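Contents: one structure, followed by commentary.
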Amino acid sequence: MLANKLEFGDTIAVVAPAGFEDNSLIDEKISIISSLGFNIKRAEHLYNKYGYLAGQDIDRAKDVMDAFLDDSVKAIICFRGGYGSLRILPYLNFEIIRKNPKIFMGFSDITALLNAIYEKSSLITFHGPMINSDMMNIYNLKSFVNTLMKNSDTFEIINPKTNMMRFYGSESADGILVGGNLSLICSTLGTDYEIDTKDKILFIEDVDEEPYKIDRMLTQLKLCNKLSECKGFIVGDFIDCHSSNSMSFSLEEVLKKDLLSFNKPTVIGISSGHGSTNLILPIGARCKINTNEKKIEICERLLV
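In terms of UniProt numbering, the sequence shown is residues 1 to 304.
Shown next as structure tokens:
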């Protein structure tokens, strides 16, 4: 299921499915997106606060559904992550989403929505910058334009020249791209929204998690056969994921032990996630890890 590509002058709905933010910062960040040449529609409950959430679950879910139902809206971009996306999943109508395909983008806590919408509505979603991200970062802006405003049949995910991707494995892998934030992926296990990794390319990233916690989460996925079922792995940014304990395994050691041991085509170091550069990755699109040419390719049209 494909949404229409975004054009300058189109309307972007801003929703807050997870944590709340200061009202003045919301307005400041929205003004930046507006200055790029888009009309902005603020969700009804965008400025709400309920504990650590941006309003009641039913209200946050309603904002998402209202945006999908609004014919004037071309794209839906989440304001921020934090926590709360999992809580609204039971209130979403995936059949309505399937019948009203639109660009839907976010990352971090929004991982739960990206994968659930793809799995239950067959709509390609976009793991990428949110409204509170640095959209003036030249790489973010270029990724935004090239991914959401064009409809190329295939394209390559290209890192900034200063960030080198490392490729492992002698073969290439071709499969549907799923995943996002590792903590959120694990949070779906055992639920009706559990991630399906069979014959998929699994993308993972995270922030502020010590190596032993990453080891624990990857081990959980391993014990659920989620890693063995994959065709390959793409590892994004793991920001501030180190330990002050000198006896700890390093992040590199954990990834080597828990991922490279499967001998599947693997890419480590793509600039996507919680780093300053957050390249957009289409969840639900066919992806190829080309280990011979050392590149990641998206092998189908994402938008119409």
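C-beta atoms are modelled at their ideal positions from N, C-alpha and C, and glycine is treated no differently. Just so it is clear, the structure is predicted and the values come from calculations on it, not from any experiment.
Within the UniProt domain "LD-carboxypeptidase C-terminal" (175 to 289), complete beta strand (DSSP E) segments of at least 3 residues are found at 200 to 207, 232 to 239, 266 to 268 and 281 to 283, given in chain order. The continuous alpha helix (DSSP H) containing Thr147 extends over residues Ile138 to Leu148. Residue range Thr11 to Val15 is occupied by the beta strand (DSSP E) that includes Val15.
The three-state secondary structure of Val304, taken from DSSP, is coil. Asn292 sits in coil when the DSSP states are folded into three classes, being neither helix nor strand. Checking the DSSP bridge columns, you'll see His127 partnered with Gly106 and Leu281. Inter-segment contact for the segment 99 to 116 and the segment 50 to 58 is absent: fewer than three beta-carbon pairs are separated by less than 8 Å.
Taking the C-beta atoms as reference points, Cys186 is found nearer than 8 Å to Met217. No Cβ-Cβ contact shorter than 8 Å links Asn137 with Thr266. DSSP, read as helix, strand or coil, puts Asn39 in strand. From the listed residues Phe38, Thr125, Ala67 and Ile77, the smallest Cα separation to Met1 is found for Thr125.
Taking a 10 Å sphere around the C-beta of Asn181, we find 16 or more other C-beta atoms and assign the residue as buried. Note that the segment 90 to 105 does not touch the segment 202 to 209; fewer than 3 beta-carbon pairs, one per stretch, sit closer than 8 Å. In the three-state DSSP reduction, Glu95 falls in the helix class (H, G or I).
Of the candidates Leu260, Ala61 and Met164, Met164 places its Cα closest to the Cα of Ser272. Around Leu141, the same chain offers Met135 as residues with beta carbons nearer than 7 Å, after the five sequence neighbours per side are excluded. When secondary structure is reduced to three states using DSSP, Arg166 falls in the strand class. In this structure the segment 20 to 29 does not lie against the segment 164 to 176, because fewer than three pairs of beta carbons, one per stretch, are closer than 8 Å.
Apart from sequence neighbours up to five positions away, the residues of its chain that approach Phe238 with a beta-carbon distance below 8 Å are Glu205, Asp206, Val207, Glu209, Ile214, Leu251 and Gly273, ordered along the chain. Burial of Ile88 is indicated by the presence of at least 16 other C-beta atoms within 10 angstroms of its C-beta.
For the set Tyr118, Asp22, Cys241 and Asn159, the Cα lying nearest the Cα of Asn132 is the one of Asp22.
If you compare the alpha carbons of Phe262, Gly236 and Thr219 with that of Ser228, the shortest gap goes to Phe262. For Tyr50, the three-state secondary structure derived from DSSP is strand.
Secondary structure of Glu156 (DSSP, three-state): strand.
When the alpha-carbon of Asp153 is set against those of Lys295, Pro17 and Arg286, the nearest one is in Arg286. Assigned with DSSP and collapsed to three states, Lys161 falls in coil, not helix or strand.
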